[in-house]
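Just below is one structure, and these are the notes that go with it.
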Amino acid sequence: MPRLSEVIAALDALWPPSRAEQWDAVGTVCGDPDAEVTRVLFAVDPVQEIADEAVDLGADLIVTHHPLYLRGTTTVEAGTFKGRVVHTLIKNDIALHVAHTNADTADPGVSDALAGALDLRITGPLVPDPSDPAGRRGLGRICELDRPETLREFAARCAAWLPPTAQGIRVAGDPDAMIQRVAVSGGSGDSLFAEVRAAGVDAFVTADLRHHPVSEAREQSPLALVDAAHWATEWPWCEQAAAQLDAISERHGWGLRTHVSRTVTDPWTAHAPSVPSPSISGAPN
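Convert by adding 1498 to the 1-based position in the sequence shown; the result is the number in the working numbering.
The structure is reproduced here in structure tokens:
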């Protein structure tokens, strides 16, 4: 069995910490470098449900996309929910490792997994990494559909093929508009509208879209916007990452067992559809 330090070295080769944004908090949160690793659990969020799942599974390592302490802390006291996660992990000899923005821009990265989940053909990064001479790394991906389909059909594709959440899929645009070229970016993406417009795509799939940026984007171009839940756009990366570690384990003869959490950690738990009112024009049908 490999030591934790060996597994972390392999993960850092996939997603070098040096490629994370300066504000980010990636890397190993807790764990003994000399401890043996036999089972690894991949998840989006390092929340208590995931820690408990790792305990039940007998995992030695959790790899998450989101950091536990993005803005730092002065305490890991078990009375706080993040402190309780730390106590659970340490008491059960479970390490925690984070790959966040360094996984977003990797090749393959979070947006490759999102594009794959939607069966889109990738043509290149949306925001290329200037340090990559091959032009494959970067934020987001530009993709194409095998055949054009309406925005209504494309939204239904996203709803059917992404993990189900309470939010589902929100759409801004003409449902009958034809979609061929698509930009995708896992996680929050409304800071990328300028790059998306410059790419000349028909639609943009991302998450966490806000009223004012969407309103302004729709006034500037006919670009269709497809807003999924943040968790749903990043969960496909867990399967991709687990497969990458599987390949490394097989190459080294480690015999690791990898698992992908199916626990929905999206914070929204229910959705009540609006009831159209005849007194308000423009209400959805």
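Note that the Cβ used here is the ideal one computed from N, Cα and C, for glycine as well.
No experiment lies behind these values; they were computed from the predicted model shown.
**Message:** By the three-class DSSP mapping on this structure, what secondary structure does residue 1724 have?
**Reply:** strand
**Report entry** Endpoints, beta strand (DSSP E) assigned at residue 1575
**Finding:** Where residue 1575 is concerned, there is no enclosing beta strand (DSSP E), given that its DSSP letter is neither H nor E.
Anticipated Cβ contact below 8 angstroms, residue 1763 with residue 1548, distance rounded: 7 angstroms
### Validate contact between the segment 1747–1766 and the segment 1533–1546 using beta carbons, cut 8 angstroms, 3 pairs
yes
(Q) Which of the three DSSP states is assigned to residue 1686 in this structure? (A) Residue 1686: strand per DSSP, three-state reduction.
Using the Cβ count rule (16 or more neighbours within 10 Å means buried), how would you classify residue 1659? exposed
* For residue 1667, the three-state DSSP class (helix, strand or coil) -> coil
- prompt: Given a threshold of 16 other Cβ atoms within 10 Å of its Cβ, counted over all protein chains shown, does residue 1500 qualify as buried or as exposed?
  reply: buried
- Item | Paired residues, beta bridge with residue 1595 - DSSP | 1526, 1561
Within 10 angstroms of its Cβ, does residue 1696 collect 16 or more other Cβ (buried), or is it exposed? exposed
Comparing alpha-carbon positions, which option in 1677, 1515, 1603 lies nearest residue 1595? Distances from the alpha-carbon of residue 1595 to those of 1677, 1515, 1603 put 1515 closest.
- Message: Taking only three categories from DSSP, how would you classify residue 1769?
- Response: Coil at residue 1769, not helix or strand.
_Just to confirm before moving on: does the CB-CB distance between residue 1670 and residue 1712 stay below 9 angstroms?_
yes
- Query: Is DSSP giving residue 1633 helix, strand or coil here?
  - Reply: coil
* Measure the alpha-carbon distance for residue 1509 versus residue 1503 and round it to whole angstroms. => 10 angstroms
query = Among 1584, 1679, 1572, 1666, which has the Cα closest to the Cα of residue 1721?
reply = The shortest C-alpha separation from residue 1721 is found at 1679.
Check: CA-CA distance, residue 1650 and residue 1567?
Finding: 39 angstroms
Hey, residue 1533 and residue 1554 are a contact pair by Cβ (cut 8 angstroms); roughly how many whole angstroms apart?
-> Actually they do not touch by this definition, with Cβ atoms about 19 angstroms apart.
* Please name the residue in 1562, 1507, 1742, 1556 whose C-alpha comes closest to that of residue 1523. => 1562
Inset, instruction - Classify residue 1664 as buried or exposed, calling it buried when 16 or more other Cβ atoms lie within 10 Å of its own Cβ. - result: exposed
If you check the beta carbons only, do residue 1683 and residue 1612 fall under 9 angstroms apart? yes
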